[in-house]
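Okay, so here's the structure we're looking at.
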Amino acid sequence: MKIAVIGTGYVGLVTGTCFAETGNMVTCVDINAEKVQKLSSGEITIYEPGLEKLFLRNQKEGRLFFTQSLAEAVAQAHVIFLALPTPPDEDGSADLRYILGVASDLGTLIKPGDYKVIVDKSTVPVGTASSVRDTINAASTQNIEKWFDVVSNPEFLREGVAVDDFMKPDRVVIGTTASEAIRIMNELYAPFVRQGNPIIFMDEYSAELTKYAANAFLAVKISFMNEIARLCELFGADVDMVRRGIGSDERIGRRFLFPGIGYGGSCFPKDVKALSKSSKDAGYDFRILDAVMTVNEKQKLHLVQKMKAFYDNDLNGKHFALWGLAFKPNTDDVREAPAFEIINALLEAGATVSAFDPEAMHNSKEILGERIRFAESQYEALEAADALIIATEWNEFRTPDFEKISQLLKEKVIFDGRNLFDLQKIRQMDFHYESVGRRTITQPGIES
Ligand SMILES: NC(=O)c1ccc[n+]([C@@H]2O[C@H](COP(=O)([O-])OP(=O)(O)OC[C@H]3O[C@@H](n4cnc5c(N)ncnc54)[C@H](O)[C@@H]3O)[C@@H](O)[C@H]2O)c1
103 MKIAVIGTGY VGLVTGTCFA ETGNMVTCVD INAEKVQKLS SGEITIYEPG LEKLFLRNQK
163 EGRLFFTQSL AEAVAQAHVI FLALPTPPDE DGSADLRYIL GVASDLGTLI KPGDYKVIVD
223 KSTVPVGTAS SVRDTINAAS TQNIEKWFDV VSNPEFLREG VAVDDFMKPD RVVIGTTASE
283 AIRIMNELYA PFVRQGNPII FMDEYSAELT KYAANAFLAV KISFMNEIAR LCELFGADVD
343 MVRRGIGSDE RIGRRFLFPG IGYGGSCFPK DVKALSKSSK DAGYDFRILD AVMTVNEKQK
403 LHLVQKMKAF YDNDLNGKHF ALWGLAFKPN TDDVREAPAF EIINALLEAG ATVSAFDPEA
463 MHNSKEILGE RIRFAESQYE ALEAADALII ATEWNEFRTP DFEKISQLLK EKVIFDGRNL
523 FDLQKIRQMD FHYESVGRRT ITQPGIES
């Protein structure tokens with residue numbers, strides 16, 4: 103099939119590459135000229151495990167193209183995916199400017215006699231498919247109503263495992279009742295669901311809401327566990343034990359029960375906000391969501407509060423090493439990363455920071471500039487630092503050389519926002535160690 107993917111970011115590039123991998127001819131469109139130029143010349147623009155290999159192979163085999171021209175891509179395509187940004191507006195609602203802007207352009211490009219399916223992959227509020235349909239019709243000078251369908255096909259991939267998630271999705275959700283669109287979407291997704299995972303067809307409103315419901319539910323799980331972790335700290339319980347205790351109940355499940363320094367990234371924060379706003383607009387006060395957001399904001403600074411308590415509320419002149427800038431491991435994405443909130447709070451309190459991340463240094467430099475020092479390696483970041491802070495659970499931070507850490511830090515102090523280390527092991531090595539929802543290990547000689 104001939105496919106166009108409009109927007110070549112984290113979702114668009116993975117979508118385009120994976121559809122090319124199953125034999126389709128894919129043209130990806132982006133307005134960012136530099137991005138298109140790099141991609142066209144074989145340079146990948148995001149870090150996503152496993153993506154580069156597929157990207158290069160499909161480009162080499164002539165199934166994956168990049169262009170700035172919407173008209174060129176749309177002219178050949180049977181199916182047009184919208185993988186455009188839907189950032190939060192000032193009031194928290196999803197900003198549909200990119201989606202509706204492209205929809206308006208599509209109205210001028212779709213011609214009678216050449217049926218196309220427009221697929222919304224971006225995360226958008228309920229009613230957007232309908233707005234896209236209206237916008238396309240309004241922008242056309244001809245009667246094209248029966249020559250296209252708009253389908254909601256929310257994307258559930260997780261950055262860091264996006265290729266696996268796309269190639270073997272838990273489920274594919276398709277929101278449409280149009281029979282030709284159902285036939286085409288079934289054919290397109292058939293290679294991805296061979297192991298029997300379902301393609302779930304539903305109306306477009308339900309599909310649009312499903313995506314928000316999924317992200318909001320996961321955010322609830324995270325904030326819930328962060329609150330349980332707070333209670334553990336107050337009661338002297340261990341959140342790892344509580345997590346295992348509840349996770350073995352099949353109704354709860356083991357995944358997504360890890361406390362930390364709050365959720366970040368380009369999806370959960372904006373999607374929870376947008377669902378809360380659209381609920382309010384519809385006359386419903388979705389109270390759990392407001393609590394989830396409040397808990398999350400507080401949790402992002404929980405580690406800094408611990409640090410302030412440890413240093414008698416005086417961080418001025420202290421120097422900290424920070425491991426992990428990406429909002430989660432295996433990505434270079436730093437959008438809404440909790441590490442940045444921690445860094446900002448530390449700088450505000452008069453401290454300085456040396457940071458290291460395996461993949462997110464470039465994106466972080468663009469945001470932080472010269473405000474912190476970017477270290478060459480995780481160990482170089484430790485030099486002359488008063489303590490180590492862990493903000494992202496990259497695998498290479500899980501079993502570090504503690505001997506080296508001891509030698510490089512001024513004092514053996516670790517503030518771990520991701521509970522990477524075993525308490526027993528840390529105790530034997532004489533570190534002062536604070537994590538989330540677990541006992542503080544106090545090193546003899548350093549008062550806490
Ligand atoms: N990132 C994720 O993990 C993820 C997962 C599921 C769903 N989503 C949703 O998918 C959508 C896209 O997210 P993303 O993370 O890929 O965003 P992104 O910011 O990484 O990519 C968007 C791309 O669209 C391009 N663009 C903007 N306007 C354009 C236009 N008029 N024509 C062509 N290209 C244009 C931008 O230059 C950018 O490259 C959002 O709605 C997001 O909520 C994201």
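So the sequence shown is numbered by the working numbering: it starts at 103 and just counts up by one.
Each residue gets a CB set at the ideal place from its N, CA and C atoms; glycine is no exception.
- Report the option in 349, 522 and 527 whose CA atom is closest to the CA atom of residue 537. By 1-based counting over the sequence shown, the position of residue 537 is 435. When only C-alpha atoms are compared, the closest one is 522.
- Message: Going by DSSP in three states, residue 283 sits in which element: helix, strand or coil?
- Response: Your numbering for residue 283 matches position 181 in the sequence shown. Residue 283 sits in a helix when the DSSP states are folded into three classes.
- Just the C-alpha distance for residue 219 and residue 246, rounded to the nearest angstrom, thanks. On the sequence shown, position 117 is the one that residue 219 refers to. On the sequence shown, position 144 is the one that residue 246 refers to. Cα to Cα, the separation comes out at about 12 Å.
- Message: Looking only at its chain, what residues have a beta carbon closer than 8 Å to the beta carbon of residue 387, apart from the 5 residues adjacent to it on each side?
- Response: Along the sequence shown, one-based indexing puts residue 387 at 285. Contacts found: 381.
- Task: Within 10 angstroms of the Cβ of residue 203, are there 16 or more other Cβ atoms? Answer buried if so, exposed if not.
- Result: Counting from one through the sequence shown, the residue named residue 203 turns up at place 101. By the neighbour-count rule (16 or more Cβ atoms within 10 Å), residue 203 is not buried but exposed.
- Among 132, 540 and 282, the one whose alpha carbon lies nearest that of residue 337: Indexing the sequence shown from 1 puts residue 337 at position 235. If we check each option's Cα against that of residue 337, 540 comes out closest.
- I think residue 186 touches residue 224, with their Cβ atoms under 8 Å apart; what is that distance to the nearest whole Å? In the sequence shown, the residue the question calls residue 186 occupies position 84. In the sequence shown, the residue the question calls residue 224 occupies position 122. Between residue 224 and residue 186 the Cβ distance is about 5 Å, and since that is below 8 Å, they are a contact.
- Query: Taking all protein chains shown into account, do 16 or more other C-beta atoms lie within 10 angstroms of the C-beta of residue 437, making it buried, or fewer, making it exposed?
  - Reply: The count along the sequence shown starts at 1 and reaches residue 437 at position 335. Burial call: buried.
- Task: Compute the minimum distance between the beta carbon of residue 359 and the heavy atoms of ligand 1, and state whether it is under 7 Å.
- Result: To locate residue 359, count along the sequence shown from 1; it is residue 257. Every heavy atom of ligand 1 is 7 Å or more from the Cβ of residue 359, so no.
- Have a look at 473, 474, 468 and 503 and flag the residue whose alpha-carbon is nearest the alpha-carbon of residue 481. Here the question's residue 481 lines up with position 379 in the sequence shown. Among 473, 474, 468 and 503, the Cα nearest to that of residue 481 is on 503.
- Item | residue 367 classed as buried or exposed, judged by whether at least 16 other C-beta atoms fall within 10 angstroms | On the sequence shown, residue 367 is found 265 positions in, with the first residue counted as 1. Buried, since its Cβ has 16 or more Cβ neighbours within 10 Å.
- Task: Measure the C-alpha to C-alpha separation of residue 550 and residue 442 and round it to an integer number of angstroms.
- Result: Position 448 of the sequence shown, counted from the start, is the residue given in the question as residue 550. Position 340 of the sequence shown, counted from the start, is the residue given in the question as residue 442. Any reading at residue 550 is ruled out, since the residue's pLDDT is 45, under 50, leaving its predicted position unreliable.
- For residue 409, the residue or residues it bridges with in DSSP: Against the sequence shown, residue 409 aligns to sequence position 307. None, per the DSSP bridge assignment.
- Task: Using the Cα positions of residue 403 and residue 323, report the straight-line distance between them to the nearest angstrom.
- Result: Along the sequence shown, one-based indexing puts residue 403 at 301. Along the sequence shown, one-based indexing puts residue 323 at 221. Their Cα atoms are separated by approximately 19 Å.
- Query: So, is residue 345 buried or exposed, given that buried needs 16 or more other C-beta atoms within 10 angstroms?
  - Reply: Position 243 of the sequence shown, counting from 1, holds the residue named residue 345. Classification of residue 345: buried, given that the 10 Å Cβ count is 16 or more.
- Within the 8 Å Cβ cut-off, does residue 186 reach chain D? Any reference to chain D falls outside this structure, which holds one protein chain only.
- Could you please give me the residues that DSSP links to residue 196 through a beta bridge? Residue numbering aside, residue 196 sits at position 94 when the sequence shown is read from its first letter. Partner(s): 190.
- the stretch 406-418 in contact with the stretch 444-459 per 3-pair CB rule at 8 Å: Per the Cβ contact rule, the stretch 406-418 is in contact with the stretch 444-459 (3 or more Cβ pairs under 8 Å).
- Query: To the nearest whole angstrom, what separates the beta carbons of residue 434 and residue 465, a pair I think is in contact under 8 Å?
  - Reply: Locating residue 434 in the sequence shown gives position 332, where the first residue counts as 1. Locating residue 465 in the sequence shown gives position 363, where the first residue counts as 1. Rounded, the Cβ-Cβ distance is 5 Å, consistent with contact.
- Message: Tell me the rounded alpha-carbon separation between residue 160 and residue 394.
- Response: In the sequence shown, the residue the question calls residue 160 occupies position 58. In the sequence shown, the residue the question calls residue 394 occupies position 292. Each residue's Cα considered, the two are about 42 Å apart.
- Does the beta-carbon distance from residue 330 to residue 519 come in below 8 Å? As a working note, residue 330 is residue 228 in the sequence shown. As a working note, residue 519 is residue 417 in the sequence shown. Contact flag unset, no.
- Query: Is residue 375 buried or exposed, if buried means 16 or more other CB atoms sit within 10 Å of its CB?
  - Reply: Residue mapping note: residue 375 aligns to position 273 of the sequence shown, counting from 1. By the neighbour-count rule (16 or more Cβ atoms within 10 Å), residue 375 is buried.
- Task: List the whole-angstrom C-beta distance separating residue 265 from residue 120, where the pair is believed to meet the contact cut-off of C-beta under 8 Å.
- Result: Taking the first residue of the sequence shown as position 1, residue 265 is located at position 163. Taking the first residue of the sequence shown as position 1, residue 120 is located at position 18. Confirmed, about 7 Å.
- Query: With a CB to CB cut of under 6 Å and the five nearest residues on each side skipped, what residues in its chain are close to residue 528?
  - Reply: For the purposes of this step, residue 528 is taken as residue 426 along the sequence shown, with counting starting at 1. Taken in chain order, the residues that qualify are 535 and 543.
- Query: Exposed or buried, residue 460, counting other C-beta atoms within 10 Å across all chains shown (16 or more means buried)?
  - Reply: As a working mapping, residue 460 is identified with position 358 in the sequence shown. Under this definition residue 460 is a buried residue.
- Message: Could you pull the DSSP bridge partners for residue 254 from this structure?
- Response: Indexing the sequence shown from 1 puts residue 254 at position 152. BP columns for residue 254 point to 222 and 277.
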